[in-house]
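Residue numbers (our numbering), protein chains in the order written: chain E, 46 to 369; chain U, 477 to 683.
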């Protein structure tokens, strides 16, 4: 009897524990049926079920409290600053790209203008570089005119001098033209000139070698490295004078020098690096349009601006990344 | 903006979007915290902590029910509050806060003032009964019976099995019921539970 009683008590406890889930309809159909069978013969469980139902009912009717305040996260100043930084960097990138584009156009315009200018002295080049001697002179007469004026003036000067003095005279004339260039460049130019004039006239081969040398030296020079490029070009200029056609006086004209290595990509940069000399000669002989001067100035300003902008943009991007 | 869009924006750190979610869930969060902690200040602290944690954890939210996710953080914050404020083992009725301090919504405004006062009395007892429960039973009972979450939702919030939800809820409800029974004479007559009938065939009955 005692064993049976314990058995019944265990069973009763089991069903009593099921009543909560039974209330919520969370029992399997089989379990639900078993609970209902037990309930039919157990007033205690019926009472338990009823009081539980009442308790759950009351609990669910507890009032909903109004929040005493809002729990929104304050929008801090930090994210606002981060957003502004987010806008700053794209703006910097945009301006940098714009300046780079403008600089590209300025350089392109410069190259075109320089191309026209350099055609004004095609004669020495063609003669010097015998390989290309067959290439016709394509420069229009109008472009040549101004150069002819220069030729005549300098030729007249030359005629009065002994051939021996030619070199130094030409060097002087060049020095005059290259006033804006640094002293060391001039020195190199003068030395090169002397060396070039020492070669016997008519030795086209030697001249060609010198020109090629200069071109080779010019080619690897970085486009932006104007200092390095200048002596190279100056070296080349005197290489032209001792040509059989005896037109040495034009040789110092930097336009010719810049023209010499046209296939090398660095040549453009070198052409740009000689504005001082070119401007000087132009001003002196009252020729080439002021437009080129303006383009050159634009290149300088844009170049400096671009460097500053690239630095600032990279700095801002690094800073933003480090902040995040 | 729907909830998914707000969640997506909040995950990217958009505080404003997150605050819209806060506005939507703060009532639920605060009420859960209040019923678990039975203290307005502690509940407010827990709710605020929970939303700050949730904002920081937004990138870790992997979809699913945002409500369950928020409630999990709220219940964790409540656990922390319970640990900070060593709750008294038993709360006397004198210590129970009078809920009239809070404005709350009455669904049935036709209730007479008498009934209103009596109902408030009952609510205090129920809250006191909830307060007597061990923390794990309290959490299950608050989520299920006060907030009306399904067993599945409670299991999800507390990361426990359905069977555990079922047994904790069963014990919690029985304890609250017994708490009310024990204090039956203190309750307004209409809210007194009927006494337990004498059981027959109870060979092993202990009492």
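Ideal placement from N, C-alpha and C gives every residue a C-beta, glycine not left out.
Just to check my reading of the structure: residue i and residue j have Cβ atoms closer than 8 Å, yes? What is that Cβ distance to the nearest angstrom?
i, j, result
"residue 673/U", "residue 89/E", "6 Å"
"residue 648/U", "residue 616/U", "6 Å"
"residue 115/E", "residue 502/U", "7 Å"
"residue 117/E", "residue 499/U", "7 Å"
"residue 599/U", "residue 107/E", "6 Å"
"residue 520/U", "residue 135/E", "Between residue 135/E and residue 520/U the Cβ distance is about 41 Å, and since that is not below 8 Å, they are no contact."
"residue 523/U", "residue 550/U", "7 Å"
"residue 351/E", "residue 146/E", "Between residue 146/E and residue 351/E the Cβ distance is about 10 Å, and since that is not below 8 Å, they are no contact."
"residue 597/U", "residue 663/U", "7 Å"
"residue 594/U", "residue 667/U", "7 Å"
In this structure, how does DSSP classify residue i when only helix, strand and coil are distinguished?
i, result
"residue 110/E", "strand"
"residue 487/U", "helix"
"residue 115/E", "coil"
"residue 720/U", "This structure leaves residue 720/U out entirely; chain U is present only between 477 and 683."
"residue 507/U", "helix"
"residue 70/E", "coil"
"residue 88/E", "helix"
"residue 78/E", "helix"
"residue 514/U", "coil"
"residue 536/U", "helix"
"residue 451/U", "The shown model of chain U, from 477 to 683, leaves out residue 451/U, and the question about it has no answer."
"residue 480/U", "helix"
"residue 120/E", "coil"
"residue 362/E", "helix"
"residue 105/E", "helix"
"residue 62/E", "helix"
If you check the beta carbons only, do residue i and residue j fall under 7 Å apart?
i, j, result
"residue 140/E", "residue 347/E", "no"
"residue 483/U", "residue 527/U", "no"
"residue 609/U", "residue 642/U", "no"
"residue 607/U", "residue 514/U", "yes"
"residue 669/U", "residue 657/U", "yes"
"residue 479/U", "residue 544/U", "no"
"residue 621/U", "residue 104/E", "yes"
"residue 409/E", "residue 627/U", "Residue coverage of chain E in this structure runs from 46 to 369, which leaves residue 409/E outside it and unanswerable."
"residue 518/U", "residue 557/U", "yes"
"residue 554/U", "residue 512/U", "yes"
"residue 151/E", "residue 349/E", "no"
"residue 80/E", "residue 59/E", "no"
"residue 492/U", "residue 534/U", "no"
"residue 623/U", "residue 644/U", "no"
"residue 158/E", "residue 354/E", "no"
"residue 529/U", "residue 65/E", "no"
"residue 653/U", "residue 100/E", "yes"
"residue 634/U", "residue 625/U", "no"
Please report whether the beta-carbon of residue i lies at a distance below 7 Å from any beta-carbon of chain B.
i, result
"residue 94/E", "In summary, chain B is missing from the structure at hand, where the protein chains are E and U."
Would you say residue i touches the ligand MG, meaning its beta carbon is less than 6 Å from a heavy atom?
i, result
"residue 108/E", "The ligand MG is absent from the structure shown, which contains no ligand whatsoever."
Check your understanding: Per the contact definition of three or more C-beta pairs closer than 8 Å, is the stretch 491-509 of chain U in contact with the stretch 92-102 of chain E?
Key -> no
Exercise for review: Tell me the start and end of each unbroken alpha helix (DSSP H) in the stretch 594-669 of chain U that is at least 4 residues and wholly inside, in chain order.
Suggested key: 611-617, 627-634, 638-658
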